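A quick write-up on the structure given underneath.
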Amino acid sequence: MYKKSSFLKMAIMSMLASLLIVRPAASVPINLITCLASEEDSIYKEHNLSAEYKLNQWFIVYFASATKMQLRPEYFQKICGNKSGNKNISRALLKEILTNGPTIFTVNSNENEAIKRLFPIDREELSGEVVRLFYQYLTDLQAKAATYDCLEKYIPEITYFSERFKFLESDLDTKNLISKEDLPKVFKIFTALDGIDEIYAKCTKDFAREQKLRRKADEAEAKNNN
Numbered sequence: 102m103y104k105k106s107s108f109l110k111m112a113i114m115s116m117l118a119s120l121l122i123v124r125p126a127a128s129v130p131i132n133l134i135t136c137l138a139s140e141e142d143s144i145y146k147e148h149n150l151s152a153e154y155k156l157n158q159w160f161i162v163y164f165a166s167a168t169k170m171q172l173r174p175e176y177f178q179k180i181c182g183n184k185s186g187n188k189n190i191s192r193a194l195l196k197e198i199l200t201n202g203p204t205i206f207t208v209n210s211n212e213n214e215a216i217k218r219l220f221p222i223d224r225e226e227l228s229g230e231v232v233r234l235f236y237q238y239l240t241d242l243q244a245k246a247a248t249y250d251c252l253e254k255y256i257p258e259i260t261y262f263s264e265r266f267k268f269l270e271s272d273l274d275t276k277n278l279i280s281k282e283d284l285p286k287v288f289k290i291f292t293a294l295d296g297i298d299e300i301y302a303k304c305t306k307d308f309a310r311e312q313k314l315r316r317k318a319d320e321a322e323a324k325n326n327n
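Here the sequence shown stands for residues 102 to 327, where the numbers follow my numbering.
Below, the structure written as structure tokens:
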């Protein structure tokens with residue numbers, strides 16, 4: 102089971118305290134960290150320490166160290182605003198980074214080093230770090246399913262990216278595994294993930310049905326052998 106890192110929490114609280122002194126209360130970086138921390142508490146209370154928790158922790162650690170990166174106000178409202186309706190803040194943030202790239206952040210000379218960790222110098226293609234995060238998130242979601250092919254069965258677009266990652270990773274830079282032409286597929290995946298609980302339920306029924314058929318087949322084989 103995951104345990105909250107007291108060191109991480111102390112570091113975040115220290116950072117927030119310093120930011121509150123030098124920045125207005127409405128500063129976006131403060132709100133983004135607070136938003137992610139609120140999601141962390143919600144996930145932890147629900148004992149949902151799997152894919153969503155891992156994604157949330159990655160973003161908390163990243164933005165705690167990249168304090169000069171700011172979400173543009175419209176994207177902050179879209180991801181964290183009261184009217185956004187997002188139950189999965191980190192997933193919404195990942196989606197915006199994947200589909201809109203660095204345009205969701207304000208950019209000035211002081212942010213160059215921080216933003217380069219997510220995006221390369223030309224800022225037109227996603228960095229390998231973000232793409233790997235996307236693949237790892239999907240892998241972690243699949244690990245929770247009752248059947249080995251659950252997500253690919255009900256979200257077929259995942260198969261496309263899984264095959265690209267498996268067969269092309271050694272030939273292409275990781276950042277090039279998702280191109281602009283692939284964005285419609287990315288959108289479909291995130292739309293489908295809004296119903297992940299229903300997908301898990303379908304896969305559980307599929308597993309039960311497969312088990313029932315297997316038992317019947319075993320019983321029939323046993324009778325034939327007798």
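Yeah, the Cβ is synthetic: ideal placement off N, Cα and C, and Gly gets one too. From a predicted model like this one, the values you see are computed outputs, not experimental measurements.
Selection from the options that minimises the alpha carbon distance to residue i
i    : options                   : result
N201 : K179, Q158 and N189       : K179
V232 : Y176, E197, I256 and F308 : E197
L194 : V162, E230 and N157       : N157
I96  : Y255, A323 and F308       : Look at the range of the chain in this structure, 102 to 327, and you will see that residue 96 is not part of it.
I300 : P203, F206, N132 and D250 : D250
R192 : F268, A167 and L294       : L294
Q83  : S139, G229, I205 and Y154 : As displayed, the chain neither begins before 102 nor continues past 327, which places residue 83 out of reach and without an answer.
P174 : N132, L199 and K188       : N132
L199 : E230, R310, G182 and C181 : E230
Contact under 8 Å by Cβ, residue i with residue j
i    : j    : result
I144 : A165 : no
R59  : L252 : Lying before the first or after the last residue shown, residue 59 is absent from the chain, which here runs from 102 to 327.
T305 : A247 : yes
K90  : E258 : Nothing in the structure corresponds to residue 90, since the chain is present only between 102 and 327.
W159 : L234 : yes
E141 : I161 : yes
Counted within 10 angstroms of its Cβ, other Cβ atoms place residue i as buried (16 or more) or exposed
i    : result
L239 : buried
Q312 : exposed
Y176 : buried
M114 : With a pLDDT of 47 at M114, under the threshold of 50, the predicted position of this residue should be treated as unreliable, and no value is reported.
R315 : exposed
F291 : buried
A152 : buried
Y236 : buried
When you compare the stretch 312 to 324 with the stretch 282 to 292, are there three or more beta-carbon pairs, one atom per stretch, that lie closer than 8 Å?
no
Curious, which full-length alpha helix (DSSP H) runs of at least 4 residues does the stretch 150 to 181 contain?
152 to 166 and 174 to 181
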